[in-house]
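To start, the structure itself, in structure tokens.
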Amino acid sequence: MADRGDYLGMLRVTHSLRVPALRSAIRALRLSLGSRGLDAGCGIGLPALLLAEAVGPAGHVTGLDLSPAFLAYARGVVAEAGLSEQVSFREGDVRELPFDDDAFDWAWSADCVGYAPLEPLPLVKELVRVVRPGGIVAILAWSSEKLLPGYPLLEARLGATFSGIAPFAKGKRAELHFMRALGWFREAGLRAPTARTFAGDACAPLTDDLYNALTALFEMRWSGVETELTREDWAAYQRLCLPESPDFVLNHPDYYAFFTYSMFHGKVAG
13 MADRGDYLGM LRVTHSLRVP ALRSAIRALR LSLGSRGLDA GCGIGLPALL
63 LAEAVGPAGH VTGLDLSPAF LAYARGVVAE AGLSEQVSFR EGDVRELPFD
113 DDAFDWAWSA DCVGYAPLEP LPLVKELVRV VRPGGIVAIL AWSSEKLLPG
163 YPLLEARLGA TFSGIAPFAK GKRAELHFMR ALGWFREAGL RAPTARTFAG
213 DACAPLTDDL YNALTALFEM RWSGVETELT REDWAAYQRL CLPESPDFVL
263 NHPDYYAFFT YSMFHGKVAG
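Position in the sequence shown (from 1) plus 12 gives the number in our numbering.
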């Protein structure tokens, strides 16, 4: 398991891969220019820049995260982009948001609420609490990938490992799975709950940014899998998924991969 410093680096490197899907999701929300919103579980602040782009110079995005290291990095990113007046950050817990009722026009959470290993319904209700009536609550998360073209059996076995199904765990109740979020939204009283999925992809020849992003993604998705694979599958993993291997799959001239983000959103009643 990567430590927090390594994970910060992986979030930074893989961002370029995620941007098209995240930007498509944000466009689908049709956030109002000049609106004020919350990015709950904002990580290192890179998605907050995309949200700020959507609400324009008169809008404001507040990012919230538990990690001081992530927030320090996020503030640097925002300052470098010249958006410190438009985007601010606060340390806090998504389980108990440090904001008044109806404080925002919308709330967004990517790869956090409903995806982190916490009971999802109380977290969704917290997002609802801080959004004004008629405002939007949206959660989204990485929901699938096809990263090893030509090797579906190996990828299926990797996907069934503890790391591959993370953050879900064996024995977890079905209704707690992220793809059941429509039920959480209904229980939280959100109107017109809606689900949409957005795809991103990568095609050879890969840019340096995409090559590095996919290399980091392999490590994020399939770390520590050796004990869960057969000897044959472990050998295939080492041959195809490690950048030092002469057969590293990203070097194939016909490489193509895709992944999806799924988003659930609804309106606060009232």
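Using N, Cα and C, we set each Cβ at its ideal position, and we do this for glycine too.
Just so it is clear, the structure is predicted and the values come from calculations on it, not from any experiment.
> So what does D77 bridge to, in DSSP terms?
Replying inline: On the sequence shown, position 65 is the one that residue 77 refers to. Bridge partners of D77: E103.
> Cβ of K279 within 8 Å of Cβ of G146?
Replying inline: As a position in the sequence shown, residue 279 is number 267, starting the count at 1. As a position in the sequence shown, residue 146 is number 134, starting the count at 1. A Cβ-Cβ contact shorter than 8 Å links K279 with G146.
> Does the Cβ-Cβ distance between P80 and E108 come in under 8 Å?
Replying inline: The residue given as residue 80 occupies position 68 in the sequence shown. The residue given as residue 108 occupies position 96 in the sequence shown. In this structure, E108 does not lie closer than 8 Å to P80 by Cβ.
>> Helix, strand or coil for A172? Go by DSSP, reduced to three states.
In response: Residue 172 sits at position 160 when you count from the first residue of the sequence shown. In the structure shown, A172 sits in coil (DSSP, three-state: anything other than H, G, I, E or B).
>> Rounding to the nearest angstrom, what Cα-Cα distance links R192 and A186 in this structure?
In response: The sequence position of residue 192 within the sequence shown is 180, counting from 1. The sequence position of residue 186 within the sequence shown is 174, counting from 1. Those two C-alpha atoms are separated by around 8 Å.
> Is A122 closer than 8 Å to A8 when the C-beta atoms are compared?
Replying inline: This structure cannot settle anything about residue 8, because the visible part of the chain is limited to 13 through 282.
>> For S155 and T26, which I take to be in contact (beta-carbon distance under 8 Å), what is that distance rounded to the nearest angstrom?
In response: The count along the sequence shown starts at 1 and reaches residue 155 at position 143. The count along the sequence shown starts at 1 and reaches residue 26 at position 14. At roughly 15 Å, the Cβ-Cβ gap does not stay under 8 Å, so S155 and T26 are not in contact.
>> Per DSSP, what are the beta-bridge partners of G49 in this structure?
In response: Here residue 49 corresponds to residue number 37 of the sequence shown, with the count starting at 1. G49 pairs with V73, W118.
>> Report the CB separation of A207 from S100 in whole angstroms; it is logged as a contact under 8 Å.
In response: By one-based count along the sequence shown, residue 207 stands at place 195. By one-based count along the sequence shown, residue 100 stands at place 88. So it is not a contact: roughly 30 Å between Cβ atoms.
>> The beta strand (DSSP E) that contains T209, what's its start and end?
In response: Here the question's residue 209 lines up with position 197 in the sequence shown. Segment 203-215, the beta strand (DSSP E) holding T209.
>> In whole angstroms, give me the CA-to-CA distance for L41 and V149.
In response: Here the question's residue 41 lines up with position 29 in the sequence shown. Here the question's residue 149 lines up with position 137 in the sequence shown. When the Cα atoms are used, L41 and V149 turn out to be separated by approximately 10 Å.
> Can you give the Cα-Cα distance for E238 and G68, rounded to whole angstroms?
Replying inline: Your numbering for residue 238 matches position 226 in the sequence shown. Your numbering for residue 68 matches position 56 in the sequence shown. Distance between the alpha carbons of E238 and G68: 47 Å.
> Would C253 count as contacting chain C if we go by Cβ distances under 8 Å?
Replying inline: Absent from the structure: chain C. Only one protein chain is present.
> E286 to L188, Cα distance in whole Å?
Replying inline: Since the first residue shown for the chain is 13 and the last is 282, residue 286 is missing from the structure and cannot be characterised.
> Would A86 be called buried (16 or more neighbouring beta carbons within 10 Å of its own) or exposed?
Replying inline: Locating residue 86 in the sequence shown gives position 74, counting from the first residue. Buried, because 16 or more other Cβ atoms sit within 10 Å of the Cβ of A86.
> P205: which of F276, I177, F180 sits nearest, CA to CA?
Replying inline: For the purposes of this step, residue 205 is taken as residue 193 along the sequence shown, with counting starting at 1. Closest option to P205, Cα to Cα, is F276.
>> Let me check one thing: in DSSP terms, what residues is K158 bridge-paired to?
In response: Walking along the sequence shown from the start, residue 158 turns up at place 146. Answer by DSSP bridge pairing, in chain order: F270.
>> Tell me which residues share the same chain as R243 and place their Cβ nearer than 6 Å to its Cβ, disregarding the 5 neighbours each side in the sequence.
In response: For the purposes of this step, residue 243 is identified with residue 231 of the sequence shown, where counting begins at 1. None.
> Can you tell me the Cα-Cα spacing of S36 and I151, whole angstroms?
Replying inline: As a first step, residue 36 must be located in the sequence shown, where it is residue number 24. As a first step, residue 151 must be located in the sequence shown, where it is residue number 139. About 14 Å.
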